[in-house]
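Student: Numbering (full-length UniProt numbering) for the sequence shown: 1 to 693. One structure, pasted below without further comment.
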Amino acid sequence: MSYPILSGVEGGPVTLPGIRPTGKSQTLEVDFLFPNGILVPLNVNYFSPLDQIKQIVWRQVHDYPLANSLMLEKDYSFIFINKLGEKEEVLDESQNLEQLQPFLPVFQFVRKKGDNVTKTLDKKINNLIGRGLHKQESFQAAEINHFNQAMVQMCKEITIQHRAQTPLEKFQWLYPVRLRSSVSIPSQLRGKISSEPNGIVVDIGFSEMVCIYKLRINHMDFPQQVVESALKLRQTRLDLPKEDPDLYILKVIGLEEYIYGDYPIIQFKYVYHSLIKSMAPQFLMVLKSTLPESTPAVPVRPKSTPKKPMHSPWPSSGLNNTDIIVWNVEMPYRIQIKGISKIQLVDGSKDLTSWVNIPVFDFKFRLQRGDRELPLWPQDLLQQPEEHCVPLGGVALNSMSLDATFLTINFPDVANLGSAYLVYPPYDLVLECASQNMEKDGAPGSPNMLVSQGMLEQLDQALFHSDQLFEQDKELIWLLRYEVRQRYPNCLARVLQSVKWNSYKDVAKMTALLQIWPHLPVDYALEILDYEYPDHNVRHFAVMCLDSELSDDDVSQYMLQLVQALKFETHLYSHLAEFLLQRALKNQHLGHKLFWLLRSETHNPAVTTQFSLILQCYLKHNKEHLQILSQQQEALKKLHALNSLIKGTNIDDKAKREEATNMMRKVLEQPTYKNCLSNLFSPLSPLFHLSEL
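Below, the structure written as C-alpha cells:
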C-alpha cells in the first residue's frame with residue numbers, strides 16, 4: 001500500500017486530502033489493523049457502509065494466525081485518521097468511506113468502551129461545526145469553562161421552558177410569524193386596496209381538494225376570520241355541513257410559513273409583499289391535527305458551584321491615575337547575521353511584524369498578573385496599524401497557528417495582595433463612587449447647572465457638525481452631558497467619546513448616567529457596539545436597548561450586523577452572545593440564520609473559538625435542529641464535490657460540455673446523492689422545503 005507524501009504543509013488549520021478511488025473503479029485497497037497485530041488488506045467498495053465491510057474483514061481475519069485471541073465482532077469499533085490529522089472513532093457504522101473522508105486508507109480495530117451518548121453528540125456537533133472542540137482549550141481553558149457554565153445554565157432553562165409549552169407555543173417556536181412593525185399602509189398600496197369594494201382578493205385552497213377559491217376579505221381581518229370566511233364559501237358552494245374554524249390554520253402555498261395569531265392580515269409580510277407585487281396571496285387550509293410537534297428532552301439541572309470570595313480594594317485602596325508601574329523587560333536575541341550591508345545597518349526604521357491585544361482585566365474582571373505566554377498574530381499587509389497598534393484586531397489569541405511567535409510577559413502584582421486578586425469593583429460600588437464624586441447642585445457638570453444659549457449652540461455644533469471631536473469639544477459635551485441626555489439622547493456615542501476613560505471617577509459617573517439614559521433606537525444602539533466602546537456596562541446597555549426594541553423578525557434583519565459586533569467583545573462570554581443565543585433558542589428561524597452566519601466564519605482563527613462555543617451551546621440544546629442542519633451541511637458537501645468534478649470543464653467546447661453534463665447526471669443519480677439532496681430545508685431559508693431532486 002502506497003501512502004501520500006506531504007511536503008510544504010505549514011502549521012495552522014490544514015485540511016488534508018481524503019482518499020478516493022482511482023479511475024472508473026469504485027473500489028480501493030484499505031488496510032485493517034487488529035489488536036493482535038495482524039494487518040489485513042482488503043479491496044472495498046467506496047460507497048459500501050462500514051458495517052458490511054466489517055463483516056467481510058472479520059470473516060477474513062480468522063484465516064490469519066492469532067484469530068482466537070480476538071473477542072466478538074460487536075466488541076470492536078473502528079478508529080481512523082481524519083482530514084484534520086486527528087484520530088476519530090466511527091460511532092455510526094452505517095456511513096461509508098465517502099462520508100467519513102479518511103486521510104489514509106487505514107482503519108484500526110479497538111475495543112469499545114461502552115455506549116456514550118454525549119460522545120456521539122459531541123462528534124455530530126464537531127462534524128457540523130468543522131473543527132474539533134479540544135483545539136479551543138489550549139490557551140483559554142479557564143475562560144471556556146466560564147463561558148460554558150454561564151451559557152449552559154441559561155440554555156437549559158430555555159429548554160425546560162420548551163418542555164412546559166403548550167402545543168401552540170411549540171408550533172410558534174418552529175414556525176414563527178413574520179410581521180411588519182406596524183399595520184400602516186403606504187399610499188401606493190392604499191390605492192390598490194381601496195379600489196376593491198370588498199377589500200383584497202386571496203386564493204384559498206384545501207389540502208384534500210385540488211380546486212382553488214377566490215375570496216374577498218378585509219385587509220384588517222385576523223387570520224381566524226379568513227378561515228371562517230373560507231369555510232363558509234366552501235359550505236355554500238358544495239353544500240357541506242358546518243365545520244369548526246378552530247380546526248384549521250392558514251399555510252402559505254409553496255412556503256413553510258403559517259399565518260396565525262391576533263394580527264391583521266395586512267401586517268403579515270407575505271401578504272404585504274404579495275399586494276405590493278399586485279399578486280393575490282395564496283393560502284392553503286391545513287388541519288391543525290396534521291401539524292408537526294416538537295418535544296425537547298428535559299435536561300438535568302446542573303449543580304451550582306460556589307464562587308471563591310475576592311477582595312476588592314475599591315475605593316479605599318484603589319489605584320489612581322498617577323501611579324507609576326515599572327516594567328522590567330528582557331529580550332535576549334541570539335541571531336547570527338551574515339552578509340548584511342552597511343546601508344541596512346544604519347536603517348533604523350521599525351516595522352510591525354506581529355502583534356497581540358490583551359484586556360487589562362480578565363474574564364472574571366481580575367487585573368492581569370503573573371507570567372503569560374501569548375501567541376502573536378502575524379502582521380497583515382492589508383492592516384493599517386496606528387502607531388504599531390491594531391485596535392481592530394480584537395483580543396482573541398492566535399491559538400490556531402503552530403508556527404506563531406510567542407511573547408512571554410510578566411504582569412506585576414501591583415497591589416501586593418498575594419493569593420487574592422485585584423478585581424474590578426462591583427456595580428453597586430461603582431454607583432457609590434459616582435455618588436460620592438458627583439458635582440454639587442448647580443455647579444458645572446451637574447444636572448441642574450444653568451446653560452446659556454451660546455453653550456447650547458456650541459453643543460449643537462459639536463454634536464452634529466463636527467466629523468472629529470477635538471479636546472475642547474469633548475470637554476463641552478462632557479460638561480453638558482445631562483443636556484445631551486434630555487435634548488439629544490441619540491447622541492450617546494458622542495458622550496462616550498468624551499469620557500476620560502483613564503479617570504475612574506468619570507467612568508463611574510458615566511456608568512451611573514447610563515441608568516437614567518433613555519433607550520436608544522436600533523441603529524444608535526448598534527453604533528455603540530463598535531470596537532470604540534469596549535466598556536462592559538456600555539455594551540450591556542446597548543444590548544438592553546436592542547432587546548426592548550427588536551422583535552424576532554427585526555433581529556433576523558439585523559443578524560449579520562450583530563454577529564459582526566461579536567468580534568469586538570472583550571471576552572468570550574458577553575451579553576450580546578447571550579442575547580443572540582437566547583433569541584435563537586426561542587425561534588428556530590433565528591437559530592437557522594445565526595448558525596449559518598457563525599458557521600461561515602469558523603475558519604477564521606480570530607473568531608473560531610468564540611463562534612464555535614456559541615454554536616456548541618445552540619446545537620447541544622436544540623437536538624431537533626441539529627439533525628436538520630446536519631442534513632443541509634451534507635447536501636452542501638455533495639454539491640461542492642460535484643462542482644469540483646465539473647468546474648474544470650471548458651464550457652465553450654460543446655462536446656466537453658455535454659460530457660460534463662452527462663457525468664453530473666450520473667453522479668446525481670447515485671443513491672447517496674439522491675437521498676442527501678431530497679426532503680430537506682434549504683440552507684438559504686427555512687421557508688423553503690426541497691422535496692425531491
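Ideal placement from N, C-alpha and C gives every residue a C-beta, glycine not left out. Note that this is a predicted model, so its numbers are computed, not measured.
Can you pull the DSSP bridge partners for LYS620?
Tutor: Translated into positions along the sequence shown, residue 620 becomes position 620. Answer is none; LYS620 lacks a bridge partner.
Student: Leaving aside the five residues before and after GLU256 along the sequence, list all residues of the same chain whose C-beta is less than 8 Å from its C-beta, in chain order.
Tutor: By one-based count along the sequence shown, residue 256 stands at place 256. Result list for GLU256: TYR175, PHE681, PRO686, LEU687, PHE688 and HIS689, in chain order.
Student: What residue range does the alpha helix (DSSP H) around GLU157 cover?
Tutor: Here residue 157 refers to the residue found at position 157 of the sequence shown. Per DSSP, GLU157 belongs to the alpha helix (DSSP H) from 141-163.
Student: Go through its chain and collect everything with a Cβ distance to ARG237's Cβ below 8 Å, but skip five positions before and after it.
Tutor: Taking the sequence shown and counting its residues from 1, the one referred to as residue 237 is at position 237. Within the same chain, ARG237 has close Cβ partners TYR213.
Student: Rounded to the nearest angstrom, how far is the Cβ of ILE144 from that of LEU645, given a contact under 8 Å?
Tutor: Walking along the sequence shown from the start, residue 144 turns up at place 144. Walking along the sequence shown from the start, residue 645 turns up at place 645. Actually they do not touch by this definition, with Cβ atoms about 39 Å apart.
Student: For the beta strand (DSSP E) containing LEU42, list its first residue and its last residue.
Tutor: Start at 1 with the first residue of the sequence shown, and residue 42 comes out as number 42. That run of the beta strand (DSSP E) goes 39-45.
Student: Spatial neighbours of ASN587 within its chain, please: CB distance less than 7 Å, with the 5 preceding and 5 following residues excluded, ordered by chain position.
Tutor: Taking the first residue of the sequence shown as position 1, residue 587 is located at position 587. For ASN587, where only same-chain residues beyond five positions count, the Cβ hits under 7 Å are TRP173, PRO176 and ASP552.
Student: Just to confirm, is the Cβ distance from SER34 to PHE109 under 8 Å?
Tutor: For the purposes of this step, residue 34 is taken as the residue at position 34 of the sequence shown. For the purposes of this step, residue 109 is taken as the residue at position 109 of the sequence shown. First, the amino acid is wrong: residue 34 is Phe here, not Ser. Cβ atoms of PHE34 and PHE109: closer than 8 Å.
Student: What runs of the alpha helix (DSSP H), each 4 residues or longer, lie entirely inside the segment 470-539?
Tutor: For the segment 470-539, whole alpha helix (DSSP H) runs of length 4 or above, ordered along the chain, are 471-479, 481-487, 492-498, 504-516 and 522-527.
Student: Less than 8 Å between the C-beta atoms of PHE411 and GLY370, yes or no?
Tutor: Within the sequence shown, numbered from 1, the residue matching residue 411 stands at position 411. Within the sequence shown, numbered from 1, the residue matching residue 370 stands at position 370. In this structure, GLY370 lies closer than 8 Å to PHE411 by Cβ.
Student: Would LYS593 be called buried (16 or more neighbouring beta carbons within 10 Å of its own) or exposed?
Tutor: Start at 1 with the first residue of the sequence shown, and residue 593 comes out as number 593. It is buried - the Cβ of LYS593 has at least 16 other Cβ atoms within 10 Å.
Student: Taking the DSSP output, what are the residues bridged to SER354?
Tutor: Here residue 354 is taken as the residue at index 354 of the sequence shown, counted from 1. In DSSP, SER354 forms a bridge with PRO378.
Student: As a quick exercise: from PRO17, LYS24 and ILE19, pick the residue whose alpha carbon is nearest that of MET663.
Tutor: By one-based count along the sequence shown, residue 663 stands at place 663. It is LYS24.
Student: Thinking just about the alpha-carbon of each residue, which of ASN45, LEU28, HIS62 and GLY130 is nearest to the one in LEU629?
Tutor: Numbered from its first residue, the sequence shown carries residue 629 at position 629. Ranking ASN45, LEU28, HIS62 and GLY130 by Cα distance to LEU629 puts GLY130 first.
Student: Candidates ILE409, ASP403, LEU121 and PRO359: which alpha carbon is nearest GLY394's?
Tutor: Residue numbering aside, residue 394 sits at position 394 when the sequence shown is read from its first letter. Of the candidates ILE409, ASP403, LEU121 and PRO359, the one whose C-alpha sits nearest the C-alpha of GLY394 is PRO359.
Student: Assuming LEU529 contacts ALA542 under a Cβ cut-off of 8 Å, what Cβ separation, rounded to an integer in Å, is found between them?
Tutor: Counting from 1 along the sequence shown, the entry for residue 529 is found at position 529. Counting from 1 along the sequence shown, the entry for residue 542 is found at position 542. Right, their Cβ atoms sit about 5 Å apart.
Student: Buried or exposed: SER691, going by 16 or more other Cβ atoms within 10 Å of its Cβ?
Tutor: What you label residue 691 is simply residue 691 of the sequence shown in a count that begins at 1. Exposed is the call here.
Student: Alpha carbon to alpha carbon, what distance is there between GLN561 and LEU429?
Tutor: Residue 429 sits at position 429 when you count from the first residue of the sequence shown. Residue 561 sits at position 561 when you count from the first residue of the sequence shown. Those two C-alpha atoms are separated by around 34 Å.
Student: Between which two residues does the alpha helix (DSSP H) carrying LEU174 extend?
Tutor: For the purposes of this step, residue 174 is taken as residue 174 along the sequence shown, with counting starting at 1. 167-174 is the extent of the alpha helix (DSSP H) around LEU174.
Student: So, with DSSP's three-state summary, where would you put ASP239?
Tutor: Position 239 of the sequence shown holds residue 239. Correct three-state label for ASP239: coil.
Student: Can at least three beta-carbon pairs, one atom from the segment 39-49 and one from the segment 87-97, be found at a separation below 8 Å?
Tutor: Short answer: they touch.
Student: Would you list the one or two residues that DSSP bridges to LEU690?
Tutor: Taking the sequence shown and counting its residues from 1, one reaches residue 690 at position 690. For LEU690, which the question treats as bridged, DSSP gives the partners LEU680.
Student: Please say whether PRO292 and ILE265 have beta carbons closer to each other than 8 Å?
Tutor: Looking up residue 265 in the sequence shown gives position 265. Looking up residue 292 in the sequence shown gives position 292. It is not a contact, given that the beta carbons lie outside the stated cut-off.
Student: Just list the alpha helix (DSSP H) runs in the UniProt domain "PI3K-ABD" (24-113), keeping only unbroken ones of 4 residues or longer that don't cross its boundaries, in chain order.
Tutor: Runs found: 50-61 and 97-100.
Student: Under 8 Å, do MET151 and ALA230 count as touching if we go by C-beta distance?
Tutor: As a first step, residue 151 must be located in the sequence shown, where it is residue number 151. As a first step, residue 230 must be located in the sequence shown, where it is residue number 230. No, Cβ-Cβ distance for MET151 and ALA230 is not below 8 Å.
Student: Leaving aside the five residues before and after LYS364 along the sequence, list all residues of the same chain whose C-beta is less than 6 Å from its C-beta, in chain order.
Tutor: The count along the sequence shown starts at 1 and reaches residue 364 at position 364. If we look at LYS364 and ignore the five residues flanking it on each side, it has no Cβ neighbours.
Student: Please report how far the alpha carbon of LEU168 lies from the alpha carbon of LYS288, in whole angstroms.
Tutor: As a position in the sequence shown, residue 168 is number 168, starting the count at 1. As a position in the sequence shown, residue 288 is number 288, starting the count at 1. Near 10 Å, if we compare the C-alpha coordinates of LYS288 and LEU168.
Student: Does the segment 111-128 touch the segment 70-78, meaning 3 or more C-beta pairs lie closer than 8 Å?
Tutor: Taking 8 Å as the limit for Cβ pairs, the verdict is that the segment 111-128 does touch the segment 70-78.
Student: On a Cα-Cα basis, can you pick out the residue from LYS251, SER278, GLN282 and PHE268 that is closest to THR290?
Tutor: If you number the sequence shown from 1, residue 290 lands on position 290. It is LYS251 whose Cα lies nearest to the Cα of THR290.
Student: Quick one, are the C-beta atoms of PHE283 and ILE204 less than 8 Å apart?
Tutor: The residue given as residue 283 occupies position 283 in the sequence shown. The residue given as residue 204 occupies position 204 in the sequence shown. In contact: PHE283 and ILE204 (Cβ atoms closer than 8 Å).
Student: Output the boundary residues of the alpha helix (DSSP H) element that contains THR120.
Tutor: Along the sequence shown, read from residue 1 onward, the residue named residue 120 stands at position 120. Residues 117-129.
Student: By alpha-carbon positions, which one of VAL484, SER182 and SER498 ends up nearest to ILE516?
Tutor: Numbered from its first residue, the sequence shown carries residue 516 at position 516. Measuring from the Cα of ILE516, the nearest candidate turns out to be VAL484.
Student: With a Cβ-Cβ cutoff of 8 Å, do ASN43 and LEU70 count as a contact?
Tutor: Translated into the one-based positions of the sequence shown, residue 43 becomes position 43. Translated into the one-based positions of the sequence shown, residue 70 becomes position 70. Against a cut-off of 8 Å, the Cβ pair of LEU70 and ASN43 comes out as no contact.
Student: On the criterion of 16 or more Cβ atoms from any shown chain inside 10 Å, does MET279 qualify as buried, or is it exposed?
Tutor: As a working note, residue 279 is residue 279 in the sequence shown. MET279 comes out exposed.
Student: With DSSP run on the structure shown, which of helix, strand or coil describes LEU566?
Tutor: Along the sequence shown, one-based indexing puts residue 566 at 566. Residue state, collapsed to three classes: helix.
Student: Could you give the distance in angstroms between the alpha-carbon of GLY72 and the alpha-carbon of PRO65?
Tutor: Counting from one through the sequence shown, the residue named residue 72 turns up at place 72. Counting from one through the sequence shown, the residue named residue 65 turns up at place 65. The sequence shown places Leu at residue 72, rather than the Gly named in the question. Straight-line Cα distance between these residues: approximately 16 Å.
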